[in-house]
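What follows is a short report on a single structure.
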Amino acid sequence: GQSLEQPSEVTAVEGAIVQINCTYQTSGFYGLSWYQQHDGGAPTFLSYNALDGLEETGRFSSFLSRSDSYGYLLLQELQMKDSASYFCAVRATDSNYQLIWGAGTKLIIKP
Amino acid sequence: NAGVTQTPKFQVLKTGQSMTLQCAQDMNHNSMYWYRQDPGMGLRLIYYSASEGTTDKGEVPNGYNVSRLNKREFSLRLESAAPSQTSVYFCASSGTSGGADTQYFGPGTRLTVL
Numbered sequence: 060g061q062s063l064e065q066p067s068e069v070t071a072v073e074g075a076i077v078q079i080n081c082t083y084q085t086s087g088f089y090g091l092s093w094y095q096q097h098d099g100g101a102p103t104f105l106s107y108n109a110l111d112g113l114e115e116t117g118r119f120s121s122f123l124s125r126s127d128s129y130g131y132l133l134l135q136e137l138q139m140k141d142s143a144s145y146f147c148a149v150r151a152t153d154s155n156y157q158l159i160w161g162a163g164t165k166l167i168i169k170p
Numbered sequence: 002n003a004g005v006t007q008t009p010k011f012q013v014l015k016t017g018q019s020m021t022l023q024c025a026q027d028m029n030h031n032s033m034y035w036y037r038q039d040p041g042m043g044l045r046l047i048y049y050s051a052s053e054g055t056t057d058k059g060e061v062p063n064g065y066n067v068s069r070l071n072k073r074e075f076s077l078r079l080e081s082a083a084p085s086q087t088s089v090y091f092c093a094s095s096g097t098s099g100g101a102d103t104q105y106f107g108p109g110t111r112l113t114v115l
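These protein sequence lines are chains F and S, in that order. Note that the numbering used here has the first sequence beginning at 60, numbered continuously upward. Note that the numbering used here has the second sequence beginning at 2, numbered continuously upward.
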């Protein structure tokens with residue numbers, strides 16, 4: 060089967076850097092996506108890694124290593140508004156449209 | 002651009018009642034999706050529509066039906082609601098830019114079945 064594992068909760072301090080990991084078990088996939096969801100809100104797309112390596116979008120970066128079945132989301136210069144849940148997701152090659160989602164990591168930011 | 006809109010925002014049903022959740026997108030996207038999200042969990046795909054005129058089952062389709070009314074609209078129907086269907090339902094869409102990996106979500110419908 061296919062599954063993704065993320066830590067359930069991560070705590071960090073405002074202004075710091077935090078890394079949210081995602082490990083996966085899947086036979087083949089197109090790439091790794093990251094979404095942010097604030098409490099009571101809808102998921103919003105953050106980033107996508109089709110290839111191994113680092114993708115940077117402002118304060119957020121995402122990394123993928125297919126050989127290690129591992130990826131992470133890196134958030135820099137943390138702001139209180141970054142308090143949210145972060146989900147990784149993959150689209151398996153045997154299912155063109157279906158994303159498989161991790162259970163999400165709740166990021167708690169302390170002042 | 003409103004993006005993806007969903008109605009209603011909240012709904013309370015009694016066991017056995019039926020209802021239809023409505024979803025519309027104005028981004029000219031080909032693909033649309035219905036998810037459910039239970040507390041503390043990720044999203045699970047109920048049904049999707051790769052393009053107008055097609056629908057396919059996702060991970061958890063039992064107890065649901067869908068209709069892709071046109072390119073803009075994709076509805077989800079609960080024929081006989083059960084307490085296990087208490088959840089938050091999200092509709093999403095995706096286009097050619099980014100494909101199915103980049104999905105745009107509506108605000109959600111919070112459904113409680115008593």
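Using N, Cα and C, we set each Cβ at its ideal position, and we do this for glycine too. Bear in mind that the values here come from a model prediction, so they are computed numbers and not experimental data.
For the pair F:TYR129 and F:THR82, the CB atoms are nearer than the 8 angstroms cut-off.
Taking the beta carbon of F:ASN155 as reference, the chain S residues within 8 angstroms of it are ALA51 and ALA101, listed in sequence order. Residues of chain S whose Cβ lies closer than 9 angstroms to the Cβ of F:THR103 are, in chain order, TYR105 and PHE106. In this structure, S:ASN66 and S:ASP27 do not form a Cβ contact; the two beta carbons are roughly 24 angstroms apart against a cut-off of 8 angstroms.
The beta-carbon of F:SER92 is placed less than 8 angstroms from the nearest beta-carbon of chain S. Taking 8 angstroms as the cut-off, the beta carbon of S:GLY43 is found closer than this to the beta carbon of F:PHE146. By the Cβ rule, the segment 70-81 of chain F counts as touching the segment 134-152 of chain F, because three or more pairs are nearer than 8 angstroms.
Using a C-beta cut-off of 8 angstroms, the segment 71-85 of chain S makes contact with the segment 17-32 of chain S, since at least three inter-stretch Cβ pairs fall below that distance. In the structure shown, the three-state DSSP call for F:MET139 is helix. Unbroken beta strand (DSSP E) runs of no fewer than 3 residues, entirely contained in the segment 102-126 of chain F, are found at 103-108, 112-116 and 119-124, following chain order. Proximity of chain S to F:ALA162 at the Cβ level (cut-off 8 angstroms) is accounted for by GLY41, MET42 and GLY43, in chain order. Membership of F:GLY100 in any beta strand (DSSP E) is not indicated, and neither H nor E is assigned to it by DSSP. One finds GLY43 and LEU44 in chain S with Cβ atoms closer than 8 angstroms to the Cβ of F:PHE146, taken in chain order.
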